[in-house]
Amino acid sequence: NAGVTQTPKFRVLKTGQSMTLLCAQDMNHEYMYWYRQDPGMGLRLIHYSVGEGTTAKGEVPDGYNVSRLKKQNFLLGLESAAPSQTSVYFCASTKARAATQYFGPGTRLLVL
Amino acid sequence: GIQVEQSPPDLILQEGANSTLRCNFSDSVNNLQWFHQNPWGQLINLFYIPSGTKQNGRLSATTVATERYSLLYISSSQTTDSGVYFCAVDNYGQNFVFGPGTRLSVLP
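Sequences listed follow chains A and B, in order.
For the first sequence, our numbering begins at 106 and goes up steadily by one.
For the second sequence, our numbering begins at 830 and goes up steadily by one.
Encoded structure:
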């Protein structure tokens, strides 16, 4: 039981490049979330999903897209990376809205 | 949207000391969680506690939902308790909102 995993762990992009971050969970959770954490700050919600095939915007969705084609996977895409998207990205999952969230180890992204 | 405040922002303790961290929120919530982010960045859920009191070893938490605050108690602190403690709340369908955190340093 790996819990929540994220790939890659670290990535460097040039401005304008695109990439996809993968989050996978093996707990059969319905809800999945993508957050970003900037230095010295708490986490901010980018997008979330309440089940396979569904997605919704969070607090800071601009510049990101997501997809939940399979229940166990939640993908975060950056179509045209900007330096302001330099951050640590965390994925989380939970079995219900009002339940414990389990976090992945994070992906550190640097956009030059 | 809902606002979350945490105090103190920074806390330095000697190993063995006790501490209380506070989380205030501006509206009613149906979900409140405490997390510990260790110095390596890993986020660990400590408590799911929208109301009431829970204990887990040296840690305990109390949420008084009617007064819109939650407290995290750490007793007999250890150096491994160092890191940032976050409170996060869900406001009945709104975004899951994190507070700014309390940075704890436990000195040997």
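Where is the CB? At the ideal position from N, CA and C, for every residue including glycine.
Pull up the CB-CB distance for residue i and residue j, whole angstroms please, since I reckon it's below 8 Å.
{"i": "leucine 872 of chain B", "j": "cysteine 916 of chain B", "result": "The Cβ separation is near 13 Å, so there is no contact."}
{"i": "isoleucine 831 of chain B", "j": "phenylalanine 854 of chain B", "result": "6 Å"}
{"i": "leucine 150 of chain A", "j": "tyrosine 136 of chain A", "result": "Leucine 150 of chain A to tyrosine 136 of chain A, Cβ: 12 Å. No contact."}
{"i": "leucine 215 of chain A", "j": "leucine 126 of chain A", "result": "With 8 Å as the limit, leucine 215 of chain A and leucine 126 of chain A do not qualify as a contact, their Cβ atoms being about 13 Å apart."}
{"i": "histidine 134 of chain A", "j": "threonine 199 of chain A", "result": "6 Å"}
{"i": "leucine 888 of chain B", "j": "leucine 850 of chain B", "result": "Incorrect: roughly 10 Å between the Cβ atoms, too far for contact."}
{"i": "alanine 187 of chain A", "j": "glycine 168 of chain A", "result": "7 Å"}
{"i": "glycine 930 of chain B", "j": "glutamine 835 of chain B", "result": "6 Å"}
{"i": "valine 892 of chain B", "j": "glycine 881 of chain B", "result": "Note that residue 892 of chain B corresponds to threonine in the displayed sequence, not to valine. Rounded, the Cβ-Cβ distance is 6 Å, consistent with contact."}
{"i": "glutamate 184 of chain A", "j": "arginine 173 of chain A", "result": "Glutamate 184 of chain A to arginine 173 of chain A, Cβ: 18 Å. No contact."}
{"i": "tyrosine 194 of chain A", "j": "glycine 108 of chain A", "result": "Tyrosine 194 of chain A to glycine 108 of chain A, Cβ: 17 Å. No contact."}
{"i": "threonine 212 of chain A", "j": "glutamine 111 of chain A", "result": "5 Å"}
{"i": "valine 165 of chain A", "j": "serine 154 of chain A", "result": "Not really, about 16 Å apart at Cβ, beyond 8 Å."}
{"i": "tyrosine 898 of chain B", "j": "tryptophan 863 of chain B", "result": "About 13 Å separates the two Cβ atoms, so there is no contact after all."}
{"i": "threonine 205 of chain A", "j": "asparagine 874 of chain B", "result": "5 Å"}
{"i": "valine 935 of chain B", "j": "serine 906 of chain B", "result": "5 Å"}
{"i": "proline 937 of chain B", "j": "threonine 908 of chain B", "result": "6 Å"}
{"i": "aspartate 131 of chain A", "j": "glutamine 190 of chain A", "result": "Not quite, the Cβ-Cβ distance comes to about 28 Å (not below 8 Å), so this is no contact."}
Chain A partners of residue i, CB-CB under 9 Å?
{"i": "glycine 930 of chain B", "result": "Gly145, Met146, Gly147"}
Counting only Cβ pairs nearer than 7 Å, list the residues of chain B close to residue i.
{"i": "glutamate 164 of chain A", "result": "Asn924"}
{"i": "glycine 150 of chain A", "result": "The sequence shown places leucine at residue 150 of chain A, not glycine. Here the neighbours are Asn924, Phe925."}
{"i": "phenylalanine 208 of chain A", "result": "Leu872"}
Mind pulling the chain A residues with CB within less than 8 Å of residue i?
{"i": "aspartate 839 of chain B", "result": "What aspartate 839 of chain B touches in chain A: nothing, since even the nearest Cβ is about 11 Å away."}
{"i": "proline 879 of chain B", "result": "Ala203"}
How would you label residue i, buried or exposed, when you count the other beta carbons within 10 angstroms and need 16 or more for buried?
{"i": "glycine 209 of chain A", "result": "buried"}
{"i": "alanine 129 of chain A", "result": "buried"}
{"i": "aspartate 839 of chain B", "result": "exposed"}
{"i": "arginine 141 of chain A", "result": "buried"}
{"i": "tyrosine 921 of chain B", "result": "exposed"}
{"i": "serine 857 of chain B", "result": "exposed"}
{"i": "tryptophan 869 of chain B", "result": "exposed"}
{"i": "valine 926 of chain B", "result": "buried"}
{"i": "glutamine 866 of chain B", "result": "buried"}
{"i": "asparagine 924 of chain B", "result": "buried"}
{"i": "glutamine 884 of chain B", "result": "exposed"}
{"i": "valine 833 of chain B", "result": "buried"}
{"i": "glycine 845 of chain B", "result": "exposed"}
{"i": "glutamine 843 of chain B", "result": "exposed"}
So residue i contacts chain B; which residues on that side make the cut at Cβ distance below 9 Å?
{"i": "glycine 211 of chain A", "result": "Gly870, Gln871, Leu872"}
* **Contacting positions in the stretch 192–205 of chain A - beta carbon closer than 7 Å to chain B** => If the cut-off is 7 Å between Cβ atoms, the stretch 192–205 of chain A has Val193, Phe195, Arg202, Ala203, Ala204, Thr205 near chain B.
* Going along the stretch 859–873 of chain B in order, which residues come within less than 7 Å of chain A, judged by CB to CB distance? -> Asn859, Asn860, Gln862, Gly870, Gln871, Leu872
* **Residues in the stretch 891–922 of chain B having any Cβ partner in chain A nearer than 7 Å** => Phe915, Asp919
* Return the chain-ordered ranges of every beta strand (DSSP E) run that is complete within the stretch 129–164 of chain A and spans a minimum of 3 residues. => If we require 3 residues or more, the beta strand (DSSP E) runs fully inside the stretch 129–164 of chain A come out as 136–142, 148–154.
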